[in-house]
Structures are given as structure tokens and as C-alpha cells.
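Report on the structure given below.
Residue numbers (the UniProt record's numbering): 1 to 82.
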């Protein structure tokens, strides 16, 4: 979901990077999620809520399973408000 107001955007994304299904995709038991948005946010959880200004933003997600295996994903989110 993306909403624009006062030159900022509220962004909610899920662990698969899908904005539309962020709240409906069940999490896998034993997974830990670590989110990083440079200069803005470091947090844990299956979803992340962050307010971003206009421009491009890198969003990184590292997921660790119960055996300690890691998976890393990074996306660039280009925020524009019309």
C-alpha cells in the first residue's frame, strides 16, 4: 500500500517484496527477518512500515531460517507522488 501526503510516502512491504500482499502472506515458522533502509530504518518482522521522501531508496531484507541459513534481497523503491 502506498499513500502520499506532505511530500512523504507510507510504504508497507512483505518479506517477498510484494506491496499488495504484505499483510496476507503467512510467515514460515522459524524465520527471522531483518530490514535495512539506509539512513531511515533498521528493524525486524515479517513486514516493514516506513515513511520515505521522494526519490529512490534501497530496501534490504535478510532472512535467517532456524538452521542459520541466510537469504538476502535488496530492492530499489522509486517514490513519486502525483
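Cβ coordinates follow ideal geometry from the N, Cα and C atoms, glycine included.
*Is the region 67-74 touching the region 47-57, taking contact as three or more C-beta pairs under 8 Å?*
Contact check between the region 67-74 and the region 47-57: fewer than three CB pairs, one atom from each, fall below 8 Å, which does not count as touching.
_For residue 74 and residue 60, which I take to be in contact (beta-carbon distance under 8 Å), what is that distance rounded to the nearest angstrom?_
4 Å between Cβ atoms; contact.
_DSSP has residue 84 in a bridge; who is on the other side?_
Because the chain in this structure spans residues 1 to 82, residue 84 falls outside the shown range and cannot be described.
*Cβ of residue 37 within 8 Å of Cβ of residue 50?*
In this structure, residue 37 places its C-beta atom within 8 Å of the C-beta atom of residue 50.
*asked:* Which residue marks the beginning of the beta strand (DSSP E) containing residue 33, and which one marks its end?
replied: If you look at residue 33, you'll find it in the beta strand (DSSP E) that goes 32-37.
_Buried versus exposed, by CB contacts within 10 Å (16 or more), residue 48_ = Classification of residue 48: buried, given that the 10 Å Cβ count is 16 or more.
_Cut-off 6 Å between Cβ atoms - residues of its own chain near residue 31, not counting five sequence neighbours on either side_ = Only 63, 65 meet the Cβ criterion.
*asked:* Suppose you measure from the CA of residue 58 to the CA of residue 35; what does that come to, to the nearest Å?
replied: For residue 58 and residue 35, the gap between their C-alpha atoms comes out near 11 Å.
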